[in-house]
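Scroll down for the structure; my scribbles are underneath it.
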Amino acid sequence: ILVLPLLEKDDLEAGQKEEYLQIIRDEIEKVRVFTHSFQRFTELKNYDLKLQDIAPSLEHVISHLRLPENITLIKNWTLKSVHAFIEPIRFEEALINLINNAVEAMPDGGTLHVSIKSFPNHSSPKGPLSVLVEIEDNGIGIPEKYLDEIFNPFFTTNQSGTGIGIPESRKIIESMGGEIHIQSEEGVGTVVSLWLKGESDGKD
(Lines of atoms letter the chains of each structure in order from A; the text may use other names.)
(Lines give C-alpha, C1' and ligand atoms only; values in the text may rest on other atoms or scores of the structure.)
Protein backbone atom coordinates (compact mmCIF):
# COMPACT_ATOMS: atom_id res chain seq x y z
CA ILE A 4 0.00 0.00 0.00
CA LEU A 5 2.84 2.39 0.85
CA VAL A 6 4.23 2.08 -2.68
CA LEU A 7 0.97 3.09 -4.41
CA PRO A 8 1.81 6.84 -4.46
CA LEU A 9 5.11 6.00 -6.12
CA LEU A 10 3.28 4.41 -9.06
CA GLU A 11 1.57 7.75 -9.77
CA LYS A 12 4.85 9.49 -10.57
CA ASP A 13 5.15 10.46 -14.24
CA ASP A 14 8.93 10.01 -14.31
CA LEU A 15 8.84 6.43 -13.02
CA GLU A 16 10.89 4.07 -15.18
CA ALA A 17 9.32 0.85 -16.43
CA GLY A 18 11.66 -1.30 -14.37
CA GLN A 19 10.85 0.57 -11.17
CA LYS A 20 7.13 0.39 -11.90
CA GLU A 21 7.31 -3.38 -12.31
CA GLU A 22 9.31 -3.66 -9.08
CA TYR A 23 6.64 -1.77 -7.13
CA LEU A 24 3.85 -3.77 -8.76
CA GLN A 25 5.56 -6.98 -7.67
CA ILE A 26 5.73 -5.69 -4.09
CA ILE A 27 1.97 -5.09 -4.21
CA ARG A 28 1.34 -8.56 -5.66
CA ASP A 29 3.44 -10.15 -2.92
CA GLU A 30 1.56 -8.29 -0.18
CA ILE A 31 -1.81 -9.25 -1.68
CA GLU A 32 -0.70 -12.89 -1.74
CA LYS A 33 0.31 -12.68 1.92
CA VAL A 34 -3.14 -11.35 2.79
CA ARG A 35 -4.79 -14.11 0.75
CA VAL A 36 -2.76 -16.84 2.46
CA PHE A 37 -3.41 -15.35 5.89
CA THR A 38 -7.16 -15.05 5.27
CA HIS A 39 -7.38 -18.63 4.02
CA SER A 40 -5.34 -19.94 6.96
CA PHE A 41 -7.40 -18.00 9.49
CA GLN A 42 -10.65 -19.25 7.98
CA ARG A 43 -9.46 -22.86 8.13
CA PHE A 44 -8.27 -22.35 11.71
CA THR A 45 -11.66 -21.06 12.90
CA GLU A 46 -13.52 -23.85 11.07
CA LEU A 47 -11.64 -26.73 12.69
CA LYS A 48 -13.84 -29.22 14.50
CA ASN A 49 -13.97 -32.83 15.54
CA TYR A 50 -13.97 -35.32 12.68
CA ASP A 51 -15.23 -38.78 11.96
CA LEU A 52 -12.00 -40.66 12.51
CA LYS A 53 -11.08 -43.99 11.00
CA LEU A 54 -8.25 -46.35 11.78
CA GLN A 55 -5.94 -45.92 8.81
CA ASP A 56 -2.36 -46.50 7.79
CA ILE A 57 -0.59 -43.15 8.26
CA ALA A 58 2.49 -44.02 6.19
CA PRO A 59 0.80 -43.16 2.84
CA SER A 60 -0.08 -39.70 4.21
CA LEU A 61 3.55 -39.03 5.08
CA GLU A 62 4.74 -40.40 1.75
CA HIS A 63 2.21 -38.23 -0.09
CA VAL A 64 3.30 -35.06 1.70
CA ILE A 65 7.00 -35.84 1.30
CA SER A 66 6.59 -36.61 -2.42
CA HIS A 67 5.29 -33.08 -3.00
CA LEU A 68 8.04 -31.34 -1.04
CA ARG A 69 10.24 -28.91 -2.91
CA LEU A 70 13.32 -29.17 -0.76
CA PRO A 71 16.26 -26.84 -1.35
CA GLU A 72 19.35 -28.66 -2.57
CA ASN A 73 21.13 -27.96 0.71
CA ILE A 74 18.57 -29.87 2.81
CA THR A 75 18.78 -33.65 3.17
CA LEU A 76 15.63 -35.63 3.95
CA ILE A 77 15.90 -38.81 6.02
CA LYS A 78 12.81 -41.01 6.41
CA ASN A 79 12.92 -43.36 9.35
CA TRP A 80 10.28 -46.05 9.54
CA THR A 81 10.65 -49.76 8.91
CA LEU A 82 7.12 -51.00 9.47
CA LYS A 83 5.13 -51.57 6.29
CA SER A 84 2.07 -50.00 7.91
CA VAL A 85 1.28 -48.08 11.07
CA HIS A 86 -2.38 -47.54 11.87
CA ALA A 87 -3.84 -44.61 13.80
CA PHE A 88 -7.16 -42.83 14.07
CA ILE A 89 -6.93 -39.87 11.70
CA GLU A 90 -8.79 -37.78 9.15
CA PRO A 91 -6.29 -38.05 6.27
CA ILE A 92 -6.80 -34.67 4.59
CA ARG A 93 -6.49 -32.62 7.77
CA PHE A 94 -3.66 -34.82 9.03
CA GLU A 95 -1.73 -34.07 5.85
CA GLU A 96 -2.41 -30.35 6.32
CA ALA A 97 -0.83 -30.52 9.77
CA LEU A 98 2.17 -32.38 8.34
CA ILE A 99 2.61 -29.80 5.58
CA ASN A 100 2.54 -26.94 8.10
CA LEU A 101 5.07 -28.55 10.39
CA ILE A 102 7.44 -29.81 7.69
CA ASN A 103 7.43 -26.42 5.96
CA ASN A 104 8.30 -24.81 9.30
CA ALA A 105 11.21 -27.22 9.68
CA VAL A 106 12.50 -26.41 6.20
CA GLU A 107 12.21 -22.67 6.79
CA ALA A 108 14.21 -23.10 10.01
CA MET A 109 17.21 -24.28 7.95
CA PRO A 110 17.98 -21.35 5.62
CA ASP A 111 21.63 -22.42 5.43
CA GLY A 112 20.80 -26.07 4.86
CA GLY A 113 20.62 -29.05 7.16
CA THR A 114 18.95 -32.39 7.72
CA LEU A 115 15.24 -33.08 8.01
CA HIS A 116 14.31 -36.29 9.83
CA VAL A 117 10.78 -37.68 9.58
CA SER A 118 10.07 -40.80 11.62
CA ILE A 119 7.18 -43.04 12.67
CA LYS A 120 7.18 -45.20 15.77
CA SER A 121 4.52 -47.51 17.13
CA PHE A 122 4.26 -48.77 20.71
CA PRO A 123 2.07 -51.45 22.31
CA ASN A 124 -0.68 -49.67 24.23
CA HIS A 125 0.40 -51.14 27.55
CA SER A 126 3.96 -49.81 27.19
CA SER A 127 3.37 -46.53 25.38
CA PRO A 128 4.54 -43.43 27.32
CA LYS A 129 1.20 -41.89 26.31
CA GLY A 130 -1.10 -44.86 26.98
CA PRO A 131 -3.66 -45.19 24.17
CA LEU A 132 -1.68 -42.63 22.16
CA SER A 133 0.61 -45.31 20.84
CA VAL A 134 1.71 -43.91 17.46
CA LEU A 135 4.44 -41.28 17.34
CA VAL A 136 5.35 -39.14 14.34
CA GLU A 137 8.45 -36.97 14.75
CA ILE A 138 9.65 -34.13 12.54
CA GLU A 139 13.16 -33.04 13.44
CA ASP A 140 15.44 -30.37 12.00
CA ASN A 141 18.87 -29.07 12.92
CA GLY A 142 18.03 -25.49 12.07
CA ILE A 143 18.06 -22.22 13.96
CA GLY A 144 15.84 -23.45 16.79
CA ILE A 145 13.35 -21.47 18.86
CA PRO A 146 14.55 -19.17 21.65
CA GLU A 147 13.47 -20.49 25.03
CA LYS A 148 11.55 -17.30 25.81
CA TYR A 149 9.22 -18.01 22.88
CA LEU A 150 8.48 -21.70 23.53
CA ASP A 151 5.40 -20.90 25.62
CA GLU A 152 4.02 -18.64 22.88
CA ILE A 153 4.40 -20.69 19.70
CA PHE A 154 0.93 -22.25 20.05
CA ASN A 155 -0.73 -18.83 20.31
CA PRO A 156 -2.52 -17.78 17.10
CA PHE A 157 -0.72 -15.04 15.15
CA PHE A 158 2.51 -15.38 17.09
CA THR A 159 5.48 -15.76 14.75
CA THR A 160 9.19 -14.99 14.64
CA ASN A 161 9.15 -15.31 10.85
CA GLN A 162 8.48 -12.02 9.03
CA SER A 163 6.79 -13.85 6.17
CA GLY A 164 4.79 -16.16 8.46
CA THR A 165 1.12 -15.88 9.44
CA GLY A 166 1.39 -17.26 12.96
CA ILE A 167 -1.40 -19.74 12.17
CA GLY A 168 0.51 -22.87 11.06
CA ILE A 169 1.52 -24.29 14.47
CA PRO A 170 -1.76 -23.43 16.26
CA GLU A 171 -3.71 -24.89 13.34
CA SER A 172 -1.63 -28.07 13.44
CA ARG A 173 -2.21 -28.37 17.17
CA LYS A 174 -5.95 -27.96 16.73
CA ILE A 175 -6.00 -30.61 13.99
CA ILE A 176 -4.04 -33.16 16.03
CA GLU A 177 -6.08 -32.52 19.18
CA SER A 178 -9.32 -32.85 17.20
CA MET A 179 -8.17 -36.40 16.43
CA GLY A 180 -7.63 -37.11 20.11
CA GLY A 181 -3.87 -36.71 19.83
CA GLU A 182 -1.20 -34.46 21.29
CA ILE A 183 1.55 -32.29 19.84
CA HIS A 184 4.76 -31.40 21.68
CA ILE A 185 7.65 -29.22 20.57
CA GLN A 186 11.18 -29.32 21.95
CA SER A 187 13.68 -26.81 20.67
CA GLU A 188 17.04 -25.32 21.45
CA GLU A 189 18.28 -22.16 19.81
CA GLY A 190 21.15 -22.88 17.45
CA VAL A 191 20.61 -26.65 17.70
CA GLY A 192 17.22 -27.45 16.18
CA THR A 193 13.66 -28.50 16.83
CA VAL A 194 11.75 -31.76 17.33
CA VAL A 195 7.98 -31.82 16.81
CA SER A 196 6.27 -34.90 18.27
CA LEU A 197 2.77 -35.93 17.19
CA TRP A 198 1.12 -38.56 19.37
CA LEU A 199 -1.88 -40.32 17.80
CA LYS A 200 -4.35 -42.87 19.04
CA GLY A 201 -3.35 -46.25 17.62
CA GLU A 202 -4.92 -49.65 17.27
CA SER A 203 -5.73 -51.39 20.54
CA ASP A 204 -3.54 -54.40 21.33
CA GLY A 205 -6.10 -55.82 23.74
CA LYS A 206 -3.92 -55.23 26.80
CA ASP A 207 -5.24 -51.82 27.89
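Each step along the sequence shown adds one to the number in this note's numbering, with nothing skipped, and position 166 is 169. Where is the CB? At the ideal position from N, CA and C, for every residue including glycine. Only a predicted model underlies this, so the values are computations on that prediction, with no experimental measurement involved.
Here the segment 80-93 does not lie against the segment 140-148, with fewer than 3 beta-carbon pairs under 8 Å apart. Note on the segment 54-102: whole beta strand (DSSP E) runs with a minimum of 3 residues are 74-79 and 86-89, in chain order. In the assembly as shown, N155 is an exposed residue. Its beta-carbon has fewer than 16 other beta-carbons within 10 Å.
Here the segment 85-103 lies against the segment 128-141, with 3 or more beta-carbon pairs under 8 Å apart.
Beta-bridge analysis with DSSP links E139 to H116 and V194. When L197, G201, S178 and Y149 are compared, the shortest CA-CA separation from E189 is found for Y149. DSSP places E182 in the uninterrupted beta strand (DSSP E) bounded by E182 to E188. In terms of Cβ geometry, I176 and L197 form a close pair [threshold 8 Å]. Secondary structure of L199 (DSSP, three-state): strand.
When DSSP states are grouped into helix, strand and coil, S178 belongs to the helix group. Ranked by Cα distance from E182, the first of P170, H125, G113 and Q55 is P170.
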